[in-house]
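Be aware that the sequence shown starts at 2, since it is given in the numbering used here, and climbs by one per residue. Each residue gets a CB set at the ideal place from its N, CA and C atoms; glycine is no exception. This one's a predicted model, so the numbers in the text were calculated from it and none came from an experiment.
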Amino acid sequence: MLFGAGHGSAFTISCDLRENAAVIRVGGELGFHSAPLLREQLRRIWDGPDRPFLIVDLTEVTFCDSVGLSELVSALQHSEATGTRFVLAGVHGPLARVLTITGLRKAFEIHPSSDDALRQAAEARPDLPADGRPLSPGPDGTPPPAAPAL
């Protein structure tokens, strides 16, 4: 999805659902105008089937204000309360600096990329390959579904 975030670059958000992980990819400015869109995407994931990992890929984020940061903290708190492992991926530049200065970098599990985070998720579930698909056939003997396109 592409949204006008208001004052700066366009805000993008997409979701990739895997067997044991949801990956939300965010791009552009995460702030006052766009944080509610992230909140809504998170709510949809939490309302769906349980997934032990929730990965928010921030590689394409160009700006994050206090409202965006607050949304990430709220998501972390909600994930901890529900037993979901919340992971940030692709944190860089000003966002990495803000997380460090505020002391929040220690609060979040951070991976260099969503692929690294998915590999970690697969290691936590040895019955899944690194891309999160099931290894074994389904109960009726059908082959596992193909990995969704990234």
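D17 bridges to which residues according to DSSP?
As a first step, residue 17 must be located in the sequence shown, where it is residue number 16. The partner list for D17 (beta bridge, DSSP) reads V24.
Give me the Cα-Cα distance between G29 and H93, rounded to the nearest whole angstrom.
To locate residue 29, count along the sequence shown from 1; it is residue 28. To locate residue 93, count along the sequence shown from 1; it is residue 92. For G29 and H93, the distance between alpha carbons rounds to 13 Å.
Member of S35, R26 and A90 whose CA lies at the smallest distance from the CA of G69:
Locating residue 69 in the sequence shown gives position 68, where the first residue counts as 1. For the set S35, R26 and A90, the Cα lying nearest the Cα of G69 is the one of S35.
Going by beta carbon distance, what residues of the same chain come within less than 6 Å of V74, once the five residues before and after it are set aside?
Mapped onto the sequence shown, residue 74 falls at position 73. Result list for V74: empty, nothing under 6 Å.
Thinking C-beta only, is G91 closer than 8 Å to D58?
Position 57 of the sequence shown, counted from the start, is the residue given in the question as residue 58. Position 90 of the sequence shown, counted from the start, is the residue given in the question as residue 91. Yes, they are a contact pair.
Using CA coordinates, which residue listed in V88, G104, V62 and E61 is at the minimum distance from R120?
On the sequence shown, position 119 is the one that residue 120 refers to. In terms of CA proximity to R120, V88 leads the group V88, G104, V62 and E61.
Are the Cβ atoms of C65 and L43 separated by less than 8 Å?
For the purposes of this step, residue 65 is taken as residue 64 along the sequence shown, with counting starting at 1. For the purposes of this step, residue 43 is taken as residue 42 along the sequence shown, with counting starting at 1. Between C65 and L43, the CB-CB gap reaches or exceeds 8 Å.
Let me check understanding here. Comparing Cα to Cα, which of T85, T101, I14 and V62 lies closest to D48?
For the purposes of this step, residue 48 is taken as residue 47 along the sequence shown, with counting starting at 1. If we check each option's Cα against that of D48, T85 comes out closest.
Measuring alpha carbon to alpha carbon, tell me which residue in I56, A125 and I102 is nearest P113.
As a first step, residue 113 must be located in the sequence shown, where it is residue number 112. Closest option to P113, Cα to Cα, is I56.
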